[in-house]
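Here the sequence shown stands for residues -24 to -1, 1 to 144, where the numbers follow mature numbering (1 follows the signal peptide of the UniProt record, and there is no 0).
Some notes on the structure that comes next.
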Amino acid sequence: MSTLFRKVVIVTLLSMGIAGAAQAQYVWLDEKGTKQFSDLPPPVSVPPSRILKQPRGARSLEPVATAPSASASPGNETAAPMTTAEKNAEFRKRQNERAEKEKKASEEAKLASEKMKQCERAREYHRSLESGERISRKDKDGERSYLTDEQRANEIRDAQRVLSECKS
């Protein structure tokens, strides 16, 4: 026998074994007398005498219970499945909420960044004021004027107030 022939025989036997396992394992007659085929055991309501075929080694005492009907328990109502339009509306709602959160977080991060920059500028200005170096400004006419001691004290006080806000 050639190796190709052996391989074909092995594959054929294996596929036949798999095909047998894939067939419906249970056959029974329902209350209307029609044959039902399934890989699951018949419902509890089917008596063992109406089960025509079941897999070897299957226990006939443990059939699967059927799902309770809607009329059996009127007080136990479950939510109906969502329609496509409802799913789309829910998706859009979640998408909008996420976009709003991202926008808010972005704005907060931007404000925090600006505050850090302002605080750093205030620290540097306060250091300059405390160091005693001469600080000049341009007046209305565009000419340079230097801070007096009184103006310097006011600027130091303002810078300290800004720095105290940076710490909080």
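From the three backbone atoms N, C-alpha and C, an ideal C-beta is built for every residue, glycine too.
Since the structure is predicted, the reported quantities are computational estimates derived from the model, not experimental observations.
C-alpha distance - residue i paired with residue j, whole-angstrom precision
| i | j | result |
| --- | --- | --- |
| arginine 10 | leucine 16 | Inspection of the sequence shows that residue 10 is occupied by threonine rather than by arginine. Each residue's alpha carbon lies about 17 Å from the other. |
| phenylalanine 13 | glutamate 7 | 14 Å |
| tryptophan 4 | leucine -12 | 29 Å |
| lysine 79 | arginine 70 | 14 Å |
| glutamate 96 | asparagine 64 | 48 Å |
| asparagine 130 | glutamine 136 | 10 Å |
| tyrosine 101 | glutamate 141 | 15 Å |
| residue 145 | alanine 56 | In this structure the chain extends from -24 to 144, so residue 145 is not present and cannot be described. |
| valine -17 | lysine 29 | 32 Å |
| arginine 74 | glutamate 84 | 15 Å |
| lysine 116 | serine 89 | 32 Å |
8 Å Cβ cutoff met for residue i and residue j
| i | j | result |
| --- | --- | --- |
| leucine 123 | isoleucine 111 | yes |
| leucine 139 | alanine 98 | yes |
| residue 147 | arginine 128 | Past the edges of the chain, shown from -24 to 144, lies residue 147, and the structure says nothing about it. |
| proline 18 | isoleucine 27 | yes |
| arginine 113 | serine 121 | yes |
Integer-rounded CB distance, given that residue j should sit under 8 Å from residue i
| i | j | result |
| --- | --- | --- |
| proline 31 | glutamine 1 | 4 Å |
Which runs of the beta strand (DSSP E) fall wholly inside the segment 107 to 132 and span at least 3 residues, in chain order? List check, beta strand (DSSP E) in window: 112 to 114, 120 to 122.
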